[in-house]
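S.K.: Below is the structure I would like to discuss, written out as structure tokens.
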Amino acid sequence: MASPVVNTAGAGWLAELKLGFTHDGARTVLAQRAHRGPLQVQRAFYPEPHGACQVYLLHPPGGVVGGDELSIDVNLAERAQVLVTTPAAGKFYRSSGLTARQRQHLKLAPRAALEWFPQENILFDGARVTLQTRVELSADSSFMGWEIICLGRPASGERFATGEVRTGF
């Protein structure tokens with residue numbers, strides 16, 4: 049396992065995850081998996097009979113702070129079928145001034161299908177966050193997905209009164 053890398057430009061962690069999926073005729077396989085820092089997947093799951101692959105994105109620190117930079121690249125080869133999710137909500141904590149950044153690049157070859165359904169992102173009061181998702185589709189590929197942002201935790205009495213969030217697609 050690679051050790052975490054400190055972001056020398058700021059005060060946070062740099063984390064990168066690159067996943068590549070191929071279709072071997074019977075099912076989709078996780079053919080490429082590379083990570084740097086605290087961002088990874090454990091293994092591929094196959095709960096469905098048609099051979100679609102499911103993976104859970106893991107961020108072991110449990111939360112993102114100002115200065116952290118997370119980068120996720122997911123590439124699907126022709127006819128690959130993948131579901132990507134997370135085991136828990138993403139948490140973006142109060143910043144001392146630096147911005148936390150999460151970038152996701154999802155690329156689908158012809159006839160590939162990606163379901164992108166991570167749990168919600170919770171932004172705590174004072175968080176400064178930039179979230180960017182880019183989806184590249186090819187002919188006859190399909191994508192379904194969401195990015196859910198919760199400002200604070202109102203059920204716990206925690207409001208998002210200050211902070212900043214920027215999103216881009």
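Each residue of the sequence shown is one higher than the one before, counting from 49 in this note's numbering.
Ideal placement from N, C-alpha and C gives every residue a C-beta, glycine not left out.
(1) Can you tell me which of 177, 197, 203 puts its alpha carbon nearest to the alpha carbon of residue 137?
(2) Return the Cβ separation of residue 118 and residue 63 in integer angstroms, given the expectation that the two are a contact with Cβ distance under 8 Å.
(3) Give the C-beta separation of residue 146 and residue 60 to the nearest angstrom, bearing in mind that I take them to be a contact with Cβ-Cβ under 8 Å.
(4) Look at residue 134 and residue 167 and say whether their C-beta atoms are less than 7 Å apart.
(5) Excluding the 5 residues preceding and the 5 following residue 140 in the sequence, name in chain order all residues of the same chain whose CB lies nearer than 6 Å to its CB.
(6) Could you check what DSSP says for residue 64 in three-state terms: helix, strand or coil?
(7) On the criterion of 16 or more Cβ atoms from any shown chain inside 10 Å, does residue 86 qualify as buried, or is it exposed?
(8) Tell me the DSSP bridge mates of residue 194?
(9) Apart from the five residues on each side of it in sequence, which residues of its chain come closer than 6 Å, Cβ to Cβ, to residue 127?
(10) Ordered along the chain, which non-local residues of its own chain (more than five positions away) have a Cβ less than 6 Å from that of residue 74?
(11) Tell me whether residue 79 sits in a helix, a strand or coil according to DSSP, three-state version.
M.R.: Looking at the coordinates:
(1) The residue given as residue 137 occupies position 89 in the sequence shown. Measuring C-alpha to C-alpha distances from residue 137 to each of 177, 197, 203 identifies 197 as the nearest.
(2) Numbered from its first residue, the sequence shown carries residue 118 at position 70. Numbered from its first residue, the sequence shown carries residue 63 at position 15. Under the criterion of beta carbons closer than 8 Å, residue 118 and residue 63 qualify as touching, at roughly 5 Å.
(3) The sequence position of residue 146 within the sequence shown is 98, counting from 1. The sequence position of residue 60 within the sequence shown is 12, counting from 1. 7 Å between Cβ atoms; contact.
(4) The residue you call residue 134 lines up with position 86 of the sequence shown. The residue you call residue 167 lines up with position 119 of the sequence shown. Taking 7 Å as the Cβ cut-off, residue 134 and residue 167 qualify as a contacting pair.
(5) As a working note, residue 140 is residue 92 in the sequence shown. Non-local beta-carbon contacts of residue 140 in its own chain, meaning distances under 6 Å to residues more than five positions away in sequence, involve 112, 148, 171, 175, 177 in chain order.
(6) In the sequence shown, residue 64 corresponds to position 16, counting from 1. In the structure shown, residue 64 falls within a strand segment according to DSSP collapsed to helix, strand and coil.
(7) As a working note, residue 86 is residue 38 in the sequence shown. Residue 86 comes out buried.
(8) Numbered from 1 along the sequence shown, position 146 holds the residue referred to as residue 194. Answer is none; residue 194 lacks a bridge partner.
(9) In the sequence shown, counting from the first residue as 1, residue 127 sits at position 79. For residue 127, same chain residues with a beta-carbon under 6 Å away, outside a window of 5 residues either side, are 71, 159 in chain order.
(10) Walking along the sequence shown from the start, residue 74 turns up at place 26. The residues 99, in chain order, have a CB closer than 6 Å to that of residue 74 in the same chain once the five nearest residues on each side in sequence are set aside.
(11) Here the question's residue 79 lines up with position 31 in the sequence shown. Here residue 79 sits in strand by DSSP.
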